Amino acid sequence: MIIAQRKPMEEIQAMIDGFEKILVLGCRGCTTVCCAGGAKEVETLSTLIRMDGKQKGKTVNTLEASTELQCEPESVRPILEKLANQYDVVLSMACGAGVQTVAKLFPDLRVLPALNTNFIGMAEEHGVWTEVCLACGDCILGKTAGICPVTRCAKGLLNGACGGASEGKCEVSKDRPCAWQEIYHALKCLNMLNYLKEKSQVKDWPIHPGRVVREDLREVEAT
Amino acid sequence: MNDFEPLIAVFSCHYCSYAAADLAGSSRIQYPPNIRVIKVPCTGRVSVNHILRALECGADGVYVAGCLEGTCHFISGNFKAKQRLQYAKDLLSEIEIEPERVQMYFMSASEGAKFANVAKEMTEAIKELGPGPLRPTKSE
Amino acid sequence: MSFRQALESGKFLVTAEVGPGKGTDVEHLLKDAAIIKDRVDAINVTDLQSSVMRLGSMAVCHLLTDIGVDPVFQVTCRDRNRLALQSDLLSAWVLGIRNVLALTGDHPVLGDHPQAKPVFELDSVTLLEVIGKLNSGFDMVGNELKGKPGFLPGAVVNPGADNEAAMDLQIMKMEKKIKAGAKFFQTQGVYDLDAFEKFMKRVEGFNTKVLGGIILLKSVGMARFMNKNVAGVFVPEPLIQELKEAEDKTRVSMNIAVRLIKGMKDLCHGVHIMALGWESKIPPILDEVGL
C-alpha cells in the first residue's frame, strides 16, 4: 500500500495560517493502514490544530471527516458536497493521489496536503514499513524470487550485486540488506540460481506522468 | 501567590492502579483533590487522542497509571500505554506545549501509598508549570 | 607500447591510478603521473571517486595523453544516463583515450552531495555491452555511427567479497562482464595472498586477464579506516601490527607492497597499484620486485 507520514506541525501550521474553518479529511485506505491519515489521526491532528490555535489566541475551527478511497471521485464528491460551505479549506490526510483528486473535483477549493507521501511499501512489522515497489511498469518479480531489485537495490541494478556490500548490508546504509544477496538466497531456496546467469537487462523507463486506459471500462455515450 | 489549583486527569487501570487508589482511600492516606480518575480496563485502552482531548477539555495535566512492567493483566497493555504517552509528549512539543504535562506511572494494586504519592508529585509538578495553555488564568 | 599491446604481449602488467582533485588544479597530479609514466603500462583516472564532486576523468585522461601516458578512462554509471554515457565514450575517443574501465559506481550518499539523484541507468555489464556496440560501429538502439571507436574495455571484481552469497554473485557478474567484452579486470586491494589464490582458482579458465589490486598502506589509521569503511578491503591484524611497530613506516609499507606483488606474480596477470599520493614510491617498489 502507499505509505505516508504526517508533515511536521510547523509546516502544517504555516499552511493553514489564516483559515478559520478547516476540514480535516482522512482516507480509509492506505493512510489508515499505515496510521498516518485515518480517523484516529484525523482526530489527533484536529485536536492539535485547535489546541495550538487556542493557545495562540486564533480562531480555528475544525471539521473532521473521512472518505473511503480519496483517490476515487465517487468516494470524495458526496462527502464534500454534503459538508459544503462549512469549511474554507481542506486539509487532506490522504496520499498525493487523494489530495489531487479533491483538488481536481473542486477547483474553487483550496486543498492542502497534511502528509508527505513516501512510497509503495509493505509492513515489516506493525509500525515499520519499507519501500518495495517503484511502479516501474515492467515487473520482473517472477525472475527474482519475489524480491524487487529495481526498488530494494539502492542502485536499481538488474544484473547482479555491485561490490559495495559489507556483511550482507548495502553500502548506502547498515539497516538495508543487500537486495541481490537476498535474491541469491531466495533463488537458491527455490533451486533457481540459474536465473542469475540470464541475459543482461537494461531497464526501459516509463514516461511520466503515466496513463493507463481501458477502453472496455470507459463511459459510453448511449445514442 | 500561586493559588492556582490544577485539574489533572488520571487514566487508571482496573487491575492495578485503580485498586491502589481504593486502597489509598480505605487506608485513609490523603492525596490532593486535584485529580479526576477515569477507570479503564487496562491502560492499553488509552489512546493518544484520549490524552490530547483531556488537555483540550481543560485538564492542566494528564497521567496514565498502569500495572508494574511485566505484570499487566493483559500482558503488554501498559507497554503500549508507555509508547503512546511518549508519542503524546512528542506531539505536544510540536505545538510548544510542555511535554511534562503528561506522564506515565507504574504501580501494583497493593501500593496505595504510591498512588497517593504520585498524585501529590504530579499536582506539585503541574502547579510549577502553571495552568495549561488552554485554561484562562485567574488574571484573565 | 600501448596498454593494449602490453596486454596482448602476455607480459606481467603494471598499472597505476591517479585521482583528480576538487578543482581545476592539476599540477600535482601531472607531476605524480610523470614520475611513474615510464614504469607502468597504463594509468587509470578515477571517475568522481567515492561520489565526491571532482574534476572529471575524461579531461584528466586527455591531459595524460599529452605527456605520453596511455590512460584508462574510468567510467561509472552513477551520474550519466545512456545518452550521456554513449556520447562521453565517443568524446573520449576523439580526445585520444583508448582504454575504458566500466564500473557501476558508488552511491551518491557516500559522497559530499548525498542528496544528488543517482542515475544507474546502465550498470557495469550493460555499459560493457554498449562499449562493444560502439566499437562495432553502432549505438545502443542500432543506428550506424559515422566514425567508430575501438576501446579496450576492462572491468573490476572484488576478490574480498565477505560471504558466500557475495562471492558467488561477484563471480557470476564477472562471467557476465567477460561475455560483455571485458578484456581485463583490476581488483580491489588485496592483502591476503591465500584468499586471493583461492579466488584465482575459482576463476581459472576464465578468458580474461586479472590485475591484482595493491593499495599502499600509508598509516595504521588508513588501514583501520579501510577495514571499517571500504567494502572488500581487509588489512589483517598482523600487517597492521607490523606497520605499527615499524620505525620507518614508509619502508615497511613499501616492503609489504613488494611482498604482495612478488606473491601475485604466480597468481595473476599483473598488478594495479593505488598509491594515493605516494606515486614516488612506485619506481623503487618495482625495482625491488624486478619489474
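Sequence lines, in order, name chains A, B and C.
Residue numbers for the first sequence follow the numbering used here, so the first one is 25 and each next one is one higher.
Residue numbers for the second sequence follow the numbering used here, so the first one is 9 and each next one is one higher.
Residue numbers for the third sequence follow the numbering used here, so the first one is 122 and each next one is one higher.
For each residue, glycine too, the CB sits at the ideal point set by N, CA and C.
If you're wondering where the values come from, they're calculated on a predicted model, not measured in any experiment.
Element boundaries [beta strand (DSSP E), containing residue i]
{"i": "B:I43", "result": "I43 to V48"}
{"i": "A:R30", "result": "I26 to R30"}
{"i": "A:C157", "result": "V152 to C157"}
{"i": "C:G411", "result": "Where C:G411 is concerned, there is no enclosing beta strand (DSSP E), given that its DSSP letter is neither H nor E."}
{"i": "C:N376", "result": "No beta strand (DSSP E) contains C:N376, which is instead part of the alpha helix (DSSP H) from K370 to M385."}
{"i": "B:Y113", "result": "V110 to F114"}
{"i": "A:E248", "result": "Only positions 25 to 247 of chain A appear in this structure, which leaves residue 248 of chain A out of reach."}
Residue i - DSSP class collapsed to helix/strand/coil
{"i": "B:A29", "result": "helix"}
{"i": "B:R61", "result": "helix"}
{"i": "B:G74", "result": "strand"}
{"i": "C:N256", "result": "helix"}
{"i": "C:E138", "result": "strand"}
{"i": "C:A205", "result": "helix"}
{"i": "C:W214", "result": "helix"}
{"i": "A:W229", "result": "coil"}
{"i": "C:T197", "result": "strand"}
{"i": "C:S172", "result": "helix"}
{"i": "B:E132", "result": "helix"}
{"i": "C:V311", "result": "coil"}
{"i": "B:A17", "result": "strand"}
{"i": "A:G62", "result": "coil"}
{"i": "A:C51", "result": "strand"}
{"i": "C:V181", "result": "helix"}
{"i": "A:V100", "result": "helix"}
{"i": "A:E243", "result": "coil"}
{"i": "B:A67", "result": "coil"}
{"i": "C:F305", "result": "strand"}
{"i": "A:E105", "result": "helix"}
{"i": "A:A169", "result": "coil"}
{"i": "A:L136", "result": "strand"}
Cβ neighbour criterion (16 or more within 10 Å) applied to residue i
{"i": "C:L381", "result": "buried"}
{"i": "B:Q38", "result": "exposed"}
{"i": "C:P270", "result": "buried"}
{"i": "B:Y23", "result": "buried"}
{"i": "C:R219", "result": "buried"}
{"i": "B:D68", "result": "buried"}
{"i": "A:Q94", "result": "buried"}
{"i": "B:K146", "result": "With a pLDDT of 45 at B:K146, under the threshold of 50, the predicted position of this residue should be treated as unreliable, though the coordinate-derived value follows. Result: exposed."}
{"i": "C:G334", "result": "buried"}
{"i": "B:R92", "result": "buried"}
{"i": "C:M122", "result": "exposed"}
{"i": "B:A95", "result": "Sequence inspection shows Tyr at residue 95 of chain B; the Ala mentioned does not correspond to that position. The residue is exposed, with fewer than 16 neighbouring Cβ atoms inside 10 Å."}
{"i": "B:L99", "result": "buried"}
{"i": "A:V152", "result": "exposed"}
{"i": "B:F114", "result": "buried"}
{"i": "C:P274", "result": "buried"}
{"i": "B:C50", "result": "buried"}
{"i": "A:L256", "result": "In the structure as shown, chain A starts at 25 and stops at 247, and residue 256 of chain A therefore has no counterpart that could be examined."}
{"i": "C:E138", "result": "buried"}
Spatial neighbours of residue i in its chain, beta-carbon cut-off 7 Å, leaving aside the 5 residues before and after
{"i": "B:L142", "result": "L63, E64 and G66"}
{"i": "C:S172", "result": "R199, D227, H228, P229, L231 and G232"}
{"i": "A:T86", "result": "I46, V48, S70, I73 and R74"}
Range of the contiguous alpha helix (DSSP H) that encloses residue i
{"i": "A:A118", "result": "That residue, A:A118, is in no alpha helix (DSSP H); it is neither H nor E in DSSP."}
{"i": "C:I157", "result": "E148 to I157"}
{"i": "C:F346", "result": "V341 to N350"}
{"i": "A:Q37", "result": "M33 to I40"}
{"i": "B:A96", "result": "G85 to E102"}
{"i": "C:F124", "result": "F124 to S130"}
{"i": "C:Q362", "result": "E358 to E366"}
{"i": "C:P235", "result": "No alpha helix (DSSP H) holds C:P235; DSSP gives it neither H nor E."}
{"i": "A:V174", "result": "P173 to R176"}
{"i": "A:E206", "result": "A203 to C213"}
Cβ neighbours of residue i in the same chain (closer than 8 Å, five flanking residues each side left out)
{"i": "C:D244", "result": "C198 and T225"}
{"i": "A:T83", "result": "E44 and G77"}
Own chain, CB closer than 6 Å to residue i, minus 5 neighbours either side, in chain order
{"i": "B:E148", "result": "At B:E148, the pLDDT of 40 sits below 50, so the modelled position is not reliable and the matter cannot be decided from this model."}
{"i": "B:R109", "result": "G69"}
Beta bridge counterpart(s) of residue i as assigned by DSSP
{"i": "C:H393", "result": "C:T136 and C:G334"}
{"i": "C:K300", "result": "DSSP output for C:K300 lists no bridge partner at all."}
{"i": "C:P192", "result": "C:I164"}
{"i": "C:T186", "result": "Partner(s): none; C:T186 has no beta bridge."}
{"i": "A:I8", "result": "Because chain A spans 25 through 247 in this model, residue 8 of chain A falls outside it and cannot be assessed."}
{"i": "A:S190", "result": "A:K193"}
{"i": "C:G275", "result": "C:L222 and C:F305"}
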